[in-house]
Amino acid sequence: MKVIRPVCCGMDVHKDIIVATIATTNQDGFAEYQQRQFNSQNYSLYELKTWLKNHNCFDVAMESTGKYWIPIFNVLEDEINVCVAHPKYTKAIKGKKTDKKDSKWIADLFRHDLIKSSFIPPKEIRQLRELSRYRIKLIGMRSSERLRYQNAMTISNIGLASILTDPFDKSAKAIMHEALNSQTLDESNNEPYYKIKYNNIKKRRGHKKAIIAIARMMLVASYHILLTGEVFNPSDLEEIHKPKTSKNKMTTESALAFLQAQGYDVSSISIAV
17 MKVIRPVCCG MDVHKDIIVA TIATTNQDGF AEYQQRQFNS QNYSLYELKT WLKNHNCFDV
77 AMESTGKYWI PIFNVLEDEI NVCVAHPKYT KAIKGKKTDK KDSKWIADLF RHDLIKSSFI
137 PPKEIRQLRE LSRYRIKLIG MRSSERLRYQ NAMTISNIGL ASILTDPFDK SAKAIMHEAL
197 NSQTLDESNN EPYYKIKYNN IKKRRGHKKA IIAIARMMLV ASYHILLTGE VFNPSDLEEI
257 HKPKTSKNKM TTESALAFLQ AQGYDVSSIS IAV
């Protein structure tokens, strides 16, 4: 087979070690091999680069194994032609495999130009890709959090999404701030203002109309509080918390008159003074 690259290197890349084999073709067409092992630390990667240059080797091939090839590529790309290949193009013949044999096999394939290189964009494009992918990931995370926020409001009986077009706009944030940091819209057992209002309306108009009426009251109250900065103090707040008493008390005379009108004999009733 025709030798395309008289001097080239094949690398078997792992997480912690790199086995490199330089194949040098002599005048008779036979290859002479030099092997060396490096680790994945930066200082060792620069030693690898120096070793390749000292042997006039400026063509390197390696498999695209996970992310382990990227640090090597970053160190070598400015001065050395690096071929990053899919593992299916460098698959060795079945048998007893070792790191050294795999490295030598890649070097042999590469010097005969039998390895198809993957496209690796320039450094500037790769950096832009990373930024774009990270931005897409952040947008996805933000969408998930917005959905979680809306679900939390729904199960907490805060129906802002049904009232406002955008539950994340400035008005919605201001309403939520007031709801979380003040007693503006208190529905607690201590001051059940809207609870009492709801029960009163429900008796007359039913559950659905009562819900709509209370929601409108809360929205109007929130709007005026945010607009004027006033404290929540409805005009009927004191009255609504007072126990209901009869407005027209019956006197003794009126009670007797009522009984007599009903047909009772009140002449025998003695009145204690």
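The sequence shown runs 17 to 289 under this note's numbering. Ideal Cβ placement from N, Cα and C applies to all residues, glycine included.
Q: Can you give me the start and stop residues for the alpha helix (DSSP H) that residue 40 sits inside?
A: No alpha helix (DSSP H) holds residue 40; the beta strand (DSSP E) holding it covers 33 to 41.
Q | Start and end residues, beta strand (DSSP E) containing residue 350 | A | Only positions 17 to 289 of the chain appear in this structure, which leaves residue 350 out of reach.
Q | Candidates 135, 84, 116 and 60, of which the one nearest residue 97 by Cα | A | Nearest neighbour of residue 97 by Cα position, chosen from 135, 84, 116 and 60, turns out to be 135.
Q) When DSSP labels each residue in this structure, what does residue 54 get in the three-state scheme? A) Assignment of residue 54 by DSSP, reduced to helix, strand and coil, places it in the strand class.
**Q.** residue 97 - DSSP class collapsed to helix/strand/coil
**A.** Correct three-state label for residue 97: strand.
Q. What residues in its chain sit with their C-beta under 8 Å from that of residue 179, if we drop five residues either side in the sequence?
A. Same-chain partners within the cutoff: 231 and 235.
Q: Please name the residue, chosen from 131, 29, 162 and 73, that lies closest to residue 53 on a Cα-to-Cα basis.
A: Minimum Cα distance to residue 53 is reached at 29.
**Q.** As assigned by DSSP and simplified to three states, the class of residue 19
**A.** Under the three-state reduction of DSSP output, residue 19 falls in the coil class, being neither helix nor strand.
**Q.** Euclidean distance between Cα positions of residue 87 and residue 245
**A.** Computed Cα separation, rounded: 59 Å.
Q | Residues near residue 249 by beta carbon distance below 8 Å, same chain, minus five either side | A | Nothing listed; no residue qualifies.
(Q) Contact between the region 128 to 144 and the region 155 to 174 is defined here as three or more beta-carbon pairs at a separation below 8 Å; is this criterion met? (A) When Cβ pairs closer than 8 Å are counted between the two stretches, the region 128 to 144 is seen not to touch the region 155 to 174, the count staying below three.
(Q) Would you call the region 55 to 64 in contact with the region 25 to 45, where contact means no fewer than 3 C-beta pairs closer than 8 Å? (A) Taking 8 Å as the limit for Cβ pairs, the verdict is that the region 25 to 45 does touch the region 55 to 64.
Q) Could you give the distance in angstroms between the alpha-carbon of residue 184 and the alpha-carbon of residue 192? A) Each residue's alpha carbon lies about 10 Å from the other.
(Q) Tell me the rounded alpha-carbon separation between residue 80 and residue 101. (A) So the two alpha carbons sit approximately 6 Å from each other.
Q) Less than 7 Å separating the beta-carbons of residue 75 and residue 21? A) Going by C-beta atoms, residue 75 is nearer than 7 Å to residue 21.
Q) Any idea what DSSP makes of residue 280, helix, strand or coil? A) The answer is coil: DSSP assigns residue 280 none of H, G, I, E or B.
Q | As assigned by DSSP and simplified to three states, the class of residue 146 | A | If DSSP states are grouped into helix, strand and coil, residue 146 belongs with the helices.
Q. Who are the Cβ neighbours of residue 122 in its own chain at under 6 Å, not counting the five residues just before and after it?
A. Here the set comprises 26, 77 and 106.
Q. Roughly how many angstroms separate the alpha carbons of residue 237 and residue 167, rounded to a whole number?
A. Cα to Cα, residue 237 sits roughly 24 Å from residue 167.
Q: Give a yes or no on whether the C-beta atoms belonging to residue 61 and residue 91 are separated by under 7 Å.
A: Cβ distance < 7 Å, so residue 61 and residue 91 count as in contact.
Q. Got a sec, what are the start and stop residues for the alpha helix (DSSP H) residue 76 sits in?
A. Counting along the chain, residue 76 sits inside no alpha helix (DSSP H); it lies in the beta strand (DSSP E) bounded by residues 75 to 79.
**Q.** Distance between residue 153 and residue 202 (C-alpha atoms, nearest Å)
**A.** Below a pLDDT of 50, predicted positions are generally treated as unreliable, and residue 202, at 45, falls in that range; no measurement from the model is reported.
Q: Note down the Cα distance separating residue 209 from residue 218, rounded to an integer number of angstroms.
A: Counting only the Cα atoms, residue 218 lies some 14 Å from residue 209.
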